[in-house]
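**Q** Protein chains in written order, with the working numbering: chain A, 1 to 374; chain B, 1001 to 1418. Here a beta-carbon is modelled for each residue, glycine too, at the ideal position from N, C-alpha and C. Please read these numbers as outputs of a predicted model, since none were measured by experiment.
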Amino acid sequence: MRKGVKSIETKHYEERDSFFDGLRRLDRRAFMRIAGLSAGIAAARGLVTPQGFQLISVAEAATPSAKPKFSFAYISDSHLYKKELNDRFVRSLLKAVDDINRLDPQPDFVLYGGDLAQLGQKEELDLGKEILKGLKAPVKMMVGEHDWFLDMGEHWRGLFGEPQYSFDHKGVHFVTLMSVNEKDFWTERKMTPMERMQTVAGLDNGIQSRFEVGPAGREWLKRDLEKLNKNTPLVVFSHSPLYKYYKPWNFWTDDADEVQALLRPFKAVTVIHGHTHQVLSNQIGNIQFHGLLSTAWPWPYAPEGLPSLTVPMNRPDPFSNFDGCGDGRIDVLESGLVDKLYNLWDRNPVTVKSSYLATGGKQDRPPTAKLPPY
Amino acid sequence: MKAISFAGALTLASVAFAGDPTGTPPLPLGLSAKLYQLTVPKPPTPAEVALGDKLFNDKRLSVDDSVSCATCHDPAKAFADGKARAVGIKNQVGQRNSPTVLNALFQATQFWDGRAGTLEDQAKLPILNPIEMGMPSPEAVVTKVRGIPEYRDAFKKLNGREPTYDDIASAIAAFERTQLAGNARFDRFLTGESKALSAKEKNGWALFNGKARCNSCHAGNAVSPLFSDQKFHNIGIAAHKQDFVQLATEALRVVRAGDEEQNDRLALETKFSELGRFLVTRNENDIGGFKTPTLRNVGVTGPYMHDGSLATLWDVIDHYNKGGTDNPFLDGGMQRLGLTEPEIDDLVAFLFALTSEDFKALEKKELASQRAKKSNRPERDTAIALGKKGHMGDLAPNPDIKNPADLGLYGPVASPEK
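1. Measuring only between beta-carbons, confirm whether Asp1406 of chain B sits less than 9 Å from chain A.
2. What span of residues does the beta strand (DSSP E) with Ile272 of chain A cover, start to end?
3. I want to see whether chain A comes within less than 9 Å of Pro1328 of chain B, judged by CB atoms only; does it?
4. In chain B, what lies closer than 7 Å to Asp98 of chain A by C-beta?
5. Determine the closest residue to Trp299 of chain A out of A:Thr368, A:Glu84, A:Gly326, A:Val350, with distance taken between C-alpha atoms.
6. Using the Cα positions of Leu1119 of chain B and Gln1110 of chain B, report the straight-line distance between them to the nearest angstrom.
7. For the alpha helix (DSSP H) that Lys95 of chain A lies in, which residues bound it at each end?
8. By Cβ distance below 7 Å, which residues in the same chain neighbour Lys353 of chain A in space, the five residues on each side in sequence not counted?
9. Below 8 Å on C-beta distance, what does Ser320 of chain A contact in chain B?
10. Report the three-state DSSP secondary structure of Gly1289 of chain B (helix, strand or coil).
11. Taking C-beta pairs closer than 7 Å, name the residues in chain A that Gly1393 of chain B reaches, listed in chain order.
12. Taking CB distances under 9 Å as the criterion, tell me whether Glu1274 of chain B reaches chain A.
13. Whose CA, out of B:Pro1397, B:Gln1037, B:Asp1065, B:Gly1094, lies closest to the CA of Ser1273 of chain B?
14. Starting from the N-terminal side, write out each stretch of the alpha helix (DSSP H) that is 4 residues or longer and does not extend beyond the stretch 1124–1150 of chain B.
15. Is the CB-CB distance between Glu1343 of chain B and Gly1299 of chain B below 9 Å?
16. Examine the Cβ distances between the stretch 1051–1059 of chain B and the stretch 1168–1180 of chain B and report whether three or more of them are shorter than 8 Å.
17. Spatial neighbours of Val139 of chain A within its chain, please: C-beta separation below 6 Å, excluding the five flanking residues on both sides.
18. Does Leu94 of chain A have its Cβ less than 9 Å from a Cβ in chain B?
19. For Leu371 of chain A, count the other beta carbons within 10 Å of its own beta carbon; 16 or more makes it buried, fewer makes it exposed. Which is it?
20. Give me, in chain order, the residues of the same chain whose beta-carbon lies closer than 6 Å to that of Ala1239 of chain B; leave out the 5 immediate sequence neighbours on both sides.
21. Using a Cβ-Cβ cut-off of less than 7 Å, list which residues of the stretch 335–357 of chain A approach chain B; keep chain order.
22. Report the neighbours of Asn1285 of chain B on chain A: residues whose CB is nearer than 7 Å to its CB, in chain order.
23. Straight-line CA distance for Val269 of chain A to Thr199 of chain A?
24. Val104 of chain A CB to nearest chain B CB: under 9 Å?
25. State buried or exposed for Arg223 of chain A, treating a residue as buried only when at least 16 other CB atoms are found within 10 Å of its CB.
26. Which residues share a DSSP beta bridge with Thr176 of chain A?
27. Consider the Cβ of Asp317 of chain A: report whether some Cβ of chain B lies at a distance smaller than 9 Å.
28. According to the Cβ coordinates, are Ala369 of chain A and Val332 of chain A closer than 9 Å?
29. In whole angstroms, give me the CA-to-CA distance for Ser76 of chain A and Ser294 of chain A.
30. To which residues does DSSP link Ala1116 of chain B through a beta bridge?
31. Taking the alpha-carbon of Asn1221 of chain B as reference, which of B:Asp1243, B:Phe1290, B:Leu1295, B:Glu1193 has the nearest alpha-carbon?
32. Are the beta-carbon atoms of Ser1098 of chain B and Asp1081 of chain B separated by less than 9 Å?
33. Would the stretch 1276–1290 of chain B and the stretch 1338–1354 of chain B be scored as touching if the rule is three or more Cβ pairs under 8 Å?
34. By how many angstroms is the C-alpha of Ala1104 of chain B removed from the C-alpha of Thr1143 of chain B?
35. Kindly list the residues whose CB is nearer than 7 Å to the CB of Leu125 of chain A, restricted to its own chain and excluding five residues on each side of it in sequence; keep chain order.
36. Quick one: is Lys83 of chain A near chain B, going by C-beta distance under 9 Å?
Shown next as structure tokens:
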């Protein structure tokens, strides 16, 4: 047989595999629809097939605690310049807003993960606020270092309020942290506000300090959590990852250990963070960590320190404005933990389940990219 | 140094092929012998080709003896039909534009959505398609062909048995493997005929590789001279249909229950046709994606795009100039280009320079007819192209418009065999 010619049998098995792969990728709601549909087709053809059996076993695997209770969406790291300087990032944020507005059903709210602006300038933040107004669902804002270090958060606070706050939603306690404080490295060097901003905006930069929640922030967090029952599910938003991934790039929170200690007594804790612009998963003790995609550009993975639970995405296509970027959805489960959907533009979506992290990677492993990461 | 030795190897290879016992044919200028060898390890025999040629042109392969392969892939029209969408039996109109057969042997997949992996698989489907040739089943085709003595004898002589559906497809594919395209003004320029390209065409080539970003998908070089990345992209043509997004959402739900046969029908006659590659792979990022076609002979194989919705190459460049038609599944490589009118003219001139010498007369006719339509530009949106309206990205700074030939961007091409 000529190379490249597939036998009918090969095709049949490929078809079948791709069908089941598809099923495995579906979220539960879509799954139930397909299950109904397939059952209907099977019935109409008078078939009792192994496929029917497969559907039932998949359905049973969805234990009650893994049922989604509610969902929220996210957009993060848009790094807007003025439109005249860079329209591409504006376009990407608009695309994300359209994506989220198309979700059916609508998410309960949308988390904005920080770094709305590139250099903390008024025009940049105003433009971002204007675009985010287009979202149908309410927005919860988080600040990033790119929003902050020009005027130390003055304009951002004027637009969005205090950066550190908590709220309760459907039995889950949410905390948004201001995790990108830095110890003063600028006064001594007599930096202008823009010099300070541009220093922080650089990725590989030894001059700036490392990010921290800081003593005041930790004290606030301690008091906020004191009143809670330890069984209350906890979801924490921070811009920087609340652990120590790679120091030279500030993929890092210097007082992460102290913050984690405050979260540890709780039964179900998830940290959702921006800043790293990549698919990133981690578990430390009982705390699960999920990164957010950027709408602007993907960062490469750091040369060391990548959490072993991360199934890395492969190198994005430099020709594509969208590849490696995206937005996503977070399903809060009955268990209080979350399944995290990375809606990668120009690729298939990837879901990282809480069960994958909780079992140390033994169950529900997300699909591995065929090409190497970078 | 490397380049020179590569050129040497190619020249040696073509010398070695002359009088090749395996029957490698002389190749048109611009096609790499290596590529041909890799693609066709065992060239078809003249008997196979002759039989395939006959079948390709035989209307009796259709249910009412009215349509042959050549009806839509007319050799006189560079193996296309000049129509927006294919017209089959009883004047039924399909959903997609007939692509050229020329150089189709080099394609990784066949059809606009790549649902066939080989020329053989491709050949089988239009015969059975109810809109195209309308035969009810492979068995019916076999019965009909076996009933025609000349075919019955030819197949017996060829394979020592009565024809099967596979045998019929193999013969057609054998014929198609002999349909090669090269020998364009562009190829002659590359092999040293410096006057073969005009200044406008040369500038068009520079734009093609630079500001206009064409070569990002329509990659052409000495090793792969087709001007196609063989991939699938949503460039927004599918989004011309108003309910595209709604259909995509619906299809994500429904199509997973379909089988291959249904896929084939879906692709041609239902509203889901516009979902393109997605119907084959079921990957979300393939929604509205269609194959990057070859650009060889593009000037004489209009109208353009998978649905033939763009009449001229000016319309095509207008479409890309505004970054395509925005939709949630638009390929990330699509962005506005900011091309000026003279730049668009130069790009079109370059595209016409990819026409094979054999179609010189047709090229003249097509160029005149497209020029006549030039004043009507339904796809043009200068405000978006120049960034005055909408958000379709930024222009790259200072595009390099040096002559790519001076920069050696294409790679060495073998000189014509004397």
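**A** Per the coordinate set shown:
1. Among the CB atoms of chain A, none fall inside 9 Å of the CB of Asp1406 of chain B.
2. Here the beta strand (DSSP E) through Ile272 of chain A covers 269–273.
3. Using beta-carbon distances, Pro1328 of chain B counts as an interface residue toward chain A, with a partner under 9 Å.
4. Within 7 Å of the CB of Asp98 of chain A, the CB atoms of chain B belong to Pro1328, in sequence order along the chain.
5. Answer by Cα proximity: A:Gly326.
6. Taking the straight line joining both Cα atoms gives about 7 Å.
7. Going by DSSP, Lys95 of chain A is part of the alpha helix (DSSP H) stretching over 87–102.
8. Scanning its chain for C-beta atoms nearer than 7 Å, with the 5 sequence neighbours on each side dropped, one finds around Lys353 of chain A the residues Asp339, Asp364, in chain order.
9. What Ser320 of chain A touches in chain B: Asp1331, Gly1332, Gly1333.
10. In the structure shown, Gly1289 of chain B sits in a strand (DSSP, three-state: E or B).
11. Near Gly1393 of chain B (Cβ distances below 7 Å), the residues of chain A are Asp87, Arg88, Arg91, Asn321.
12. Not one chain A Cβ lies under 9 Å of Glu1274 of chain B.
13. For the set B:Pro1397, B:Gln1037, B:Asp1065, B:Gly1094, the Cα lying nearest the Cα of Ser1273 of chain B is the one of B:Gly1094.
14. DSSP runs (the alpha helix (DSSP H)) wholly in the stretch 1124–1150 of chain B: 1138–1146.
15. At least 9 Å separates the beta-carbon of Glu1343 of chain B from that of Gly1299 of chain B.
16. Contact between the stretch 1051–1059 of chain B and the stretch 1168–1180 of chain B is present, because at least three Cβ pairs lie under 8 Å.
17. Cβ neighbours of Val139 of chain A within its own chain (closer than 6 Å, five residues either side excluded): Val110, Tyr112, Leu132.
18. Answer yes: the Cβ-Cβ gap between Leu94 of chain A and chain B drops below 9 Å somewhere.
19. So Leu371 of chain A ends up on the exposed side.
20. Taken in chain order, the residues that qualify are Thr1325, Asn1327.
21. Residues passing the 7 Å Cβ filter: Trp345, Asp346, Arg347, Asn348, Pro349.
22. Near Asn1285 of chain B (Cβ distances below 7 Å), the residues of chain A are Asp346, Arg347, Asn348.
23. So the two alpha carbons sit approximately 33 Å from each other.
24. Per the sequence shown, residue 104 of chain A should be read as Asp rather than Val. By this cut-off, Asp104 of chain A is an interface position.
25. Classification for Arg223 of chain A: exposed.
26. As computed with DSSP, Thr176 of chain A is found in a beta bridge with A:Tyr165, A:Phe237.
27. Closer than 9 Å: yes.
28. No, the Cβ-Cβ distance between Ala369 of chain A and Val332 of chain A is not below 9 Å.
29. Rounded to the nearest whole angstrom, the CA to CA distance from Ser76 of chain A to Ser294 of chain A is 5 Å.
30. Looking at the DSSP assignment, Ala1116 of chain B forms a beta bridge with B:Gln1110.
31. Looking at B:Asp1243, B:Phe1290, B:Leu1295, B:Glu1193, the one whose alpha-carbon comes closest to that of Asn1221 of chain B is B:Leu1295.
32. For the 9 Å CB-CB criterion, Ser1098 of chain B and Asp1081 of chain B form a contact.
33. The stretch 1276–1290 of chain B vs the stretch 1338–1354 of chain B: no contact.
34. If you take the alpha carbons of Thr1143 of chain B and Ala1104 of chain B, they lie about 29 Å apart.
35. Counting only Cβ-Cβ distances below 7 Å, and skipping sequence neighbours, we find Leu116, Ala117, Asp147, His155, Trp156, Leu159.
36. At least one beta carbon of chain B lies nearer than 9 Å to the beta carbon of Lys83 of chain A.
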